[in-house]
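Below is one structure, written out as structure tokens, with a few remarks after it.
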Amino acid sequence: MSGSIVGPDENTPGKLADDEGGTFVQNLRRLPVLAHNATFRTGAATSDRARMLKVFGNLWMHVHSTRIHVRSLRFAATMGLGVAALAAFLVATVTGILLMVYYTPSVEGAYASVKDIHYVVPTGRFIRNVHRWSAHVMVIAVMAHGLRVFLTASYKKPREFNWVVGLGLLAMTLGLSFTGYLLPWDQLAFWAATIGANIAASPRELTDALGVTQYADIGGLSKTLLLGANEVGQPALVRFYLLHVMVLPLATVAFVAVHFWRIRKDGGLARPTDEQLRTRGELPEAPENPHRDAFPKGSTKTYGLMALVKGRTPWVGRGPENTVPAYPNALRAEVAVGMVVVMICLLLAVLSDAPLKEMANAAIPENPAKAPWYFLGVQELVSYSAFMGGVALPGLAMVGLAFIPFLDREREPGGVWFSGHLGTRVFVLSALLGFVVTVGIEVLVIRYGWLRNWFPDIHQLWIIAINAGTIMTAAFAAWSFGVLRKTRSTRMAALSLVSAVLVGFLVLTWIGTIHRGPNWDFFWSQSEWPKH
Amino acid sequence: MTDEKRSAAKDGEVVGRRDFLSTAATATTAGTMAFAGIGIARMPKPGVMPGQSASAKIGPPGDFPEGDAPIPVPGKNLFIVHHADGVCAISAICTHLGCLVAPTPNGFDCPCHGSRFAKDGGLVQGPAGAALPWFEMTQAPDGQLIVHTDRTVAAGTKLKLG
């Protein structure tokens, strides 16, 4: 009887006994070795070739290519933000499943079960805090990752599709966060969900003004689908719960899979060519014999999927230059980022408890009813026009971002921050403009009011068309168009637009978070809020 | 599929048997999936809205003393105002984003985004884009007042009490 466990390469430990049958006792004694060999198809990684095989022969490792360019491993190339987003998602998934053990998605039971988790369940408060903080970290990481990809021009051809997938993931991240907000069924949850659902219904503002609501009630339909009723109640809680624990996580996993797969198929991370990198001093001069490190003596094959990757044909007969095996180099970097994310979540969870207000009460609105901080920019905009600020402008921003790589006219390999000095200048100037315009219009509106205060009987269409949000948007668009005319570069135009919108978004978020109090009135600080 | 058959189909004179069958199969599959998709998409939209009945008795007129002040109705998002010439029901749900407005000496204020409404529900200050609606009121045979929150009436329409 001959054993069938055969290691695929000569480095397999315990190879002496691998294909020999042994006695019962012998087999029992080497069980750990046999089990190890059966689990891990390759042996110890003692050479580069074996390291590449480790990646190639393992389902989980195989998201990596076998080798990775040294430039892609530099911290400044990615800042690890994509991996951080995934790590936060994993932390949220594990803690979320734990919370589901005790949580009850019913109007009567939800609040009490969250209270139980907080005060009674062993480690419940800590796990809930970690869940909440990992959600915040994920939102920040996803946004920052998207910004990094944009600023380094890594969305350019052939990565347009993956850019759009990333935008989808951003939307799902925000959706996960918003649906999770309702589940504790406290006052904040109830009223934030009410406002959110009515933002979904706000296309009615436009259809009402045009008088076509009875024929095409888009707003009413989306609100009905979200709440399953006219108000936030049991059907809404079940729907939000279903979205939060099932629909959105599954969709996120599917999109993440496509996202990662496309990174490989699009040729790894965007980076300048080796020649450009040498000019920039980021790579040493080419070694005389580039084969030396890549292939140990006696190698006859390479294990790469280069032929299936889009782009130029790899050099034949030469080893890939300036690459290192993904195992352990990329893996080590990823695990390090993951550990930092876990550490941040745990630290924040120790320092700060997730809030839980009084139980939801449909008769008393929370005042002010604030959404999570990353929605407060939008909430600031809806205080001028529900439809424009809540639906049209965020929608326009998403569509605009999705269009960027397709309208792009310049070709560059990507991977350089701001695409160089001109880009840095454009970005900084546009950020200044964004700041001035946003603060300016906010000061005007907060001090002097808006059209409805000056012309009480004005038609609502005027306010939908002309409000703080649309004026900011128009100013940014005009500025970006000016940059396009001046630089004749779509990349610079996109940089200027994103920079201005980003700063505008940050300023609005700041005002919504810090300076808005009861009745959405302006206050310099929370200590000035009227006592009640 | 041979080139000959392909070209025959391209000329538009004869559709090859294989072309016809594969096109028909594709169309059938697409149609079936689309039909199934409509069925799937239809289910989450409820046919009957859960929640309170749109028309409800709120009590006899005596529960709402005559005067200028709007009287909130427990469990209902509306105010009753009992004027000398009749009673009326004004919605308490802000037309901006659905918060509940609170009565003030001058009318109604919304706590969420600062919209203001006049005593008759008329719009005074945004961001709301419309006035608070008035609901139709009737009187049941037992004398109790009924508010129909699914039927709005023009502002100023009051129910005269017999």
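From first to last, the protein sequence lines stand for chains A and B.
Position in the first sequence (first residue = 1) + 5 = our numbering.
Position in the second sequence (first residue = 1) + 1445 = our numbering.
All residues carry an ideal CB built from backbone N, CA and C; glycine is no exception.
If we define contact as Cβ-Cβ less than 8 Å, is residue i a contact residue for chain B?
i	result
A/Ser227	no
A/Ser501	no
A/Leu187	no
A/Gly474	no
A/Ser390	yes
A/Asp191	no
A/Arg457	yes
A/Ala93	no
A/Pro373	yes
A/Glu210	yes
A/Asp413	no
A/Pro461	yes
I'd like to know whether the C-beta atoms of residue i and residue j end up nearer to each other than 8 Å.
i	j	result
A/Pro189	A/Val119	yes
A/Thr157	A/Trp422	yes
A/Phe61	A/Val170	no
A/Thr495	A/Arg416	no
A/Ile516	A/Thr328	no
A/Ile469	A/Phe392	yes
B/His1536	B/Phe1509	Sequence check: residue 1536 of chain B is Ser here, not His. It is not a contact, given that the beta carbons lie outside the stated cut-off.
A/Pro418	A/Thr284	no
A/Glu165	A/Phe411	yes
B/Val1592	B/Ile1503	yes
A/Gly114	A/Ile122	no
A/His141	A/Ala90	no
A/Ala202	A/Gly225	no
A/Met477	A/Thr443	yes
A/Phe481	A/Leu502	yes
B/Gly1588	B/Ala1576	no
A/Ile471	A/Leu449	no
A/Glu287	A/Arg76	yes
B/Pro1608	A/Leu230	The structure shown does not extend to residue 1608 of chain B, since chain B is modelled only from 1446 through 1607, so no value can be given for it.
Look up residue i in the DSSP assignment and say whether it is helix, strand or coil.
i	result
A/Ser52	coil
B/Gly1552	strand
B/Ala1534	strand
A/Pro333	helix
B/Met1622	Here chain B covers residues 1446 to 1607 and nothing more, so residue 1622 of chain B does not appear.
B/Asp1464	helix
A/Ser139	helix
A/Pro535	coil
B/Lys1502	strand
A/Asp413	coil
A/Leu274	coil
B/Pro1491	coil
B/Arg1561	strand
A/Asp279	helix
B/Pro1517	strand
A/Arg46	coil
A/Phe195	helix
A/Gln219	coil
B/Ala1547	strand
B/Leu1590	strand
A/Thr178	helix
Using 8 Å for Cβ pairs, my map puts residue i next to residue j. What's the rounded Cβ distance?
i	j	result
A/Ala214	A/Leu437	No, A/Ala214 and A/Leu437 are not in contact; Cβ-Cβ is about 36 Å, not under 8 Å.
A/Ile200	B/Leu1523	In fact, because the Cβ distance is near 20 Å, the residues do not count as touching under 8 Å.
A/Ala275	A/Ser159	4 Å
A/Ala93	A/Met148	In fact, because the Cβ distance is near 12 Å, the residues do not count as touching under 8 Å.
A/Val431	A/Leu242	So it is not a contact: roughly 47 Å between Cβ atoms.
In chain D, what lies closer than 9 Å to residue i by C-beta?
i	result
A/Val387	Absent from the structure is chain D; the protein chains it does hold are A and B.
Regarding residue i and the ligand ADP, is the C-beta to nearest heavy atom distance less than 7 Å?
i	result
B/Ile1538	Although the ligand ADP was asked about, the structure shown includes no ligands whatsoever.
Does residue i come within less than 8 Å of chain A when only Cβ atoms are used?
i	result
B/Gly1496	yes
B/Ala1534	no
B/Val1526	no
B/Val1598	no
B/Leu1545	yes
Query raised in the report: When you check each C-beta in the stretch 1579-1593 of chain B against every C-beta of chain A, which residues fall closer than 8 Å?
Result: none
Query - Against chain B: residues of the stretch 144-171 of chain A by CB proximity under 7 Å - result: none
Query raised in the report: When Cβ atoms are compared, which residues of the stretch 1473-1494 of chain B fall closer than 8 Å to chain A?
Result: Pro1489, Lys1490, Pro1491, Met1494
Query raised in the report: Between the stretch 346-367 of chain A and chain B, which residues of the former have a C-beta closer than 9 Å to a C-beta of the latter?
Result: Ala367
Query raised in the report: Using a Cβ cut-off of 8 Å, which residues of the stretch 214-240 of chain A contact any Cβ in chain B, in chain order?
Result: Ala214, Leu226, Thr229, Leu230, Gly233, Ala234, Asn235, Glu236, Gly238, Gln239, Pro240
Query raised in the report: the stretch 464-495 of chain A: which residues have C-beta closer than 8 Å to a C-beta of chain B, in chain order?
Result: Gln465, Ile468, Ile469
Query raised in the report: Between the stretch 111-122 of chain A and chain B, which residues of the former have CB atoms less than 7 Å from a CB of the latter, in chain order?
Result: none
Report task. Taking a Cβ distance cut-off of 7 Å, strictly less, list which residues of the stretch 516-537 of chain A are near chain B, in chain order. Result -> Pro523, Asn524, Trp525, Asp526
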